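Asks: The structure that follows is given in the form of structure tokens.
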Amino acid sequence: MHQCLKTPQIFAMVCKEVYFGSTDLRCKHDTLAALAQTCQSFMEPAFDMLWRRLSSLTPLVRCFAQDVWQLKGCTISFNRIPQPSEWERFLFYARRVKLLRYTSLVHPRNPDYAPHAVWQVLNLTRPSSLAHLLPNLQTLFWKASDEVFPYIRLLLSPTLKKLEVSMRVRVSSIGSNLLRPSVLPTLKELCPALVNITITSVNTMERVQGVSDSILHLDTLCSLHIEGSISIDALNHIAQFPSLQSFHFTISRGMPPIDSVSGTGKFPALRRLELQGMELEWINDLLAAITVSVIETVNLIFPLHNPTGWQALLTNLSLSHATLRILKLKENGHAGTDNSINSDTLRTLLACSYITHVSIHPAHKLDLDDQLLQGFSEAWPHLRHLDLGYQDLWLKPYHITLKGLLPLVRGCPKLEHLELLLNATATNFSLATRPGMGTSSATLTTLKLGYSPVGDPAKVAAFLFDVFPNATTITGNDEGWTETLDLFNLFKTMRQWPAQ
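Following this line, the structure appears as structure tokens:
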């Protein structure tokens, strides 16, 4: 054996590469099992990686003697009660599990299903010294039926750092009691290391109250994701979390609105904010309460609002000009043509000089021009992705031109993805010289132009080929783009001839 393999840390890295370096699940499991059986020094690190992640309890139940259990189809069950002496092998592997993804649903992606009776037997027969079935569990994804849900207590070990719970189950008398102080509100005591929580389908008032009560008992989270709703008291409590870096909050349809946070100095450590379903005034109130902002990522989806709300929104976001990197805004609904969002509105964002990703999809018509792209080129040198909504949502005629792209290419040398609408009918340039006038992007690979009108296909294709020679995806939906893109691809093919 090579001397390096005798070092546990090095061989652990080998096992990690075997597991994460292959997409073939059976192959990597077989390889790790073979390594574990090679010699004593290989056994522990190989088994640690082999059992690191589970999608059901079935593999562990099958560690009992073969006459203890039976597997019918995709459902495992007990033939008899396991004796205390038969738990040794179960415990040998259970202590290695770091992640469990459990669902009560039976479907092709969940071929191994442990029903309520299995959990009941494990709970009643486990050794008295075993407080938690998986004593070193760090991540738990839990989507259980009402009958199985109470057994989550068997998995809430002190080592748990990340918990994702779905409430998308039928409501019964058992399930109704779960969200009271029996389980969720005691998370702080059960899992002191817990820093990341996701709770989905909080879509009844009873669940809202239960989840809100649990939140009021927490204060050390770094990441919180809630889909459904919570109480205003819970929201105000979240806003005071000193270490919360990521907050994702979606209000489900049919849930009553709640007040936004008020005051100042809220979310002092927040770096990632994702909100969906709130009115724009609600979002603006929340952003205004964040007086010391270190936000890096903002993703907002909200219903139709008038353009004045957009101006307030972008003004609030510009307060994060020193830290904002990724901005995604989407307005749902269909606005009329009476109001539009123009270049002056978006210029508010020019203060965000470190931004790398911008995606803005308003429901209102956009009325943008070449001067705005010039501003982007001067203010956003790190820009990689610019999406201004390439569907037919802009005021016509479009005021961005082909030549208006040139400053953007020069000023944003890292740009990889561009989506917008432009007027490609103005082709008053000669092909005797390079149409890009020496400006060329080495990084842009995707250009989506939607319903942009196109003029002379040959000239437009020549311009795009000169300015975006490495583009692999160019799309346009208006008449003339088929011929234009055919010519562009022909030019790319011809460019390869000298190399051949």
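In full-length UniProt numbering, the protein residues as written are 1 to 500.
Beta carbons: idealized from backbone N, C-alpha and C, even for Gly.
Keep in mind that this is a model prediction, so the values were computed, not measured.
(1) In whole angstroms, what is the alpha-carbon distance linking Glu416 and Ser246?
(2) Here's the rule I'm using: 16 or more other beta-carbon atoms within 10 Å means buried, otherwise exposed. How should Asp13 be labelled?
(3) Thinking Arg410 and Ser377 are a contact (beta carbons under 8 Å), I'd like their distance in whole angstroms, please.
(4) Return yes when the Cβ of Glu296 is within less than 8 Å of the Cβ of Leu324, no when it is not.
(5) Helix, strand or coil for Ile290, going by three-state DSSP, please let me know.
(6) Round the Cβ separation of Ser43 and Tyr19 to the nearest angstrom and send it over; I've been treating them as touching at under 8 Å.
(7) Could you tell me the boundaries of the alpha helix (DSSP H) in which Tyr93 lies?
(8) My guess is that Trp142 and Tyr102 are in contact by the Cβ rule of under 8 Å, so how many angstroms apart are they, rounded?
(9) Quick one: grab the DSSP three-state call for Leu487.
(10) Taking buried to mean at least 16 other C-beta atoms within 10 Å of its own C-beta, is Asp67 buried or exposed?
(11) Looking at the unbroken alpha helix (DSSP H) that takes in Ser343, where does it start and where does it end?
(12) Do you know how far the Cα of Ala363 is from the Cα of Gly333?
(13) Helix, strand or coil: how does DSSP classify Asp30 here?
(14) If you draw a straight line from the C-alpha of Thr58 to the C-alpha of Trp481, how long is it?
(15) In the DSSP assignment, find the beta strand (DSSP E) that holds Leu71 and state where it starts and stops.
(16) Can you name, in chain order, every residue of its own chain whose Cβ lies under 7 Å from the Cβ of Asp486, other than the five neighbours on each side?
(17) Rounded to the nearest angstrom, what separates Leu421 and Leu224 at their Cα positions?
(18) Below 8 Å between beta carbons: does that hold for Ala117 and Ser55?
(19) Please name the residue in Asn470, Asp387, Leu304, Lys459 whose C-alpha comes closest to that of Thr425.
(20) Pick out whichever of Asp285, Leu235, Pro268, Gln138 has its Cα sitting closest to the Cα of Ser294.
(21) Based on the DSSP output, what are the partners of His361 in its beta bridges?
(22) In the DSSP assignment, the beta strand (DSSP E) including Thr139 goes from what residue to what residue?
(23) Rounded to whole angstroms, what's the CA-CA distance from Lys98 to Leu60? Just pull it up for me.
(24) With C-beta atoms as the reference, is Ala289 less than 8 Å away from Gly309?
(25) Please list, in chain order, all residues of the same chain as Val292 whose beta carbon is under 7 Å from its beta carbon, the five residues on each side excluded.
(26) What first and last residue would you give for the beta strand (DSSP E) that runs through Ile301?
(27) Between the C-alpha atoms of Glu274 and Val298, what's the straight-line distance to the nearest angstrom?
(28) Please go through the stretch 148-172 and give each complete alpha helix (DSSP H) segment of 4 or more residues, from N-terminal end onward.
(29) Take Ser229 and list the residues in its own chain whose beta-carbon comes closer than 7 Å to its own, dropping the five residues that flank it on each side.
(30) Considering only DSSP beta bridges, list what Ile76 is partnered with.
(31) Helix, strand or coil: how does DSSP classify Ser129 here?
(32) With Lys459 as the anchor, note down where its beta strand (DSSP E) starts and where it stops.
(33) Measure from the C-beta of Lys266 to each C-beta in chain B and report whether the shortest distance is under 8 Å.
(34) Would you check if the distance between the CB atom of Gln374 and the CB atom of Pro407 is smaller than 8 Å?
(35) Just the C-alpha distance for residue 573 and Ser22, rounded to the nearest angstrom, thanks.
(36) Skipping 5 residues on each side, what residues in its chain have a beta carbon closer than 6 Å to that of Thr200?
Replies: Well, looking at it:
(1) 26 Å
(2) Strictly speaking, residue 13 in this sequence is Met, with Asp absent from that position. Counting Cβ neighbours within 10 Å, Met13 comes out exposed, since fewer than 16 surround it.
(3) 6 Å
(4) yes
(5) coil
(6) In the sequence under discussion, the amino acid at residue 43 is Met, which differs from the Ser named in the question. Their Cβ separation, rounded to whole angstroms, is 16 Å, which puts Met43 and Tyr19 out of contact at 8 Å.
(7) 88-94
(8) 6 Å
(9) helix
(10) exposed
(11) 343-346
(12) 6 Å
(13) helix
(14) 55 Å
(15) 69-72
(16) none
(17) 37 Å
(18) no
(19) Lys459
(20) Rather than Ser, the amino acid found at residue 294 in this sequence is Val. Out of Asp285, Leu235, Pro268, Gln138, Pro268 has the C-alpha closest to the C-alpha of Val294.
(21) Lys330
(22) 139-143
(23) 13 Å
(24) no
(25) Gly265, Pro268
(26) 297-303
(27) 6 Å
(28) none
(29) Val202, Val208, Ile251, Ser252, Met255, Ile258
(30) Leu71
(31) coil
(32) From DSSP, Lys459 is part of no beta strand (DSSP E) but of the alpha helix (DSSP H) over 457-467.
(33) Looking at the structure shown, chain B is missing, and only one protein chain is on hand.
(34) yes
(35) Given a span of 1 to 500 for the chain in the structure shown, any question on residue 573 remains unanswerable.
(36) Ser166, Glu227
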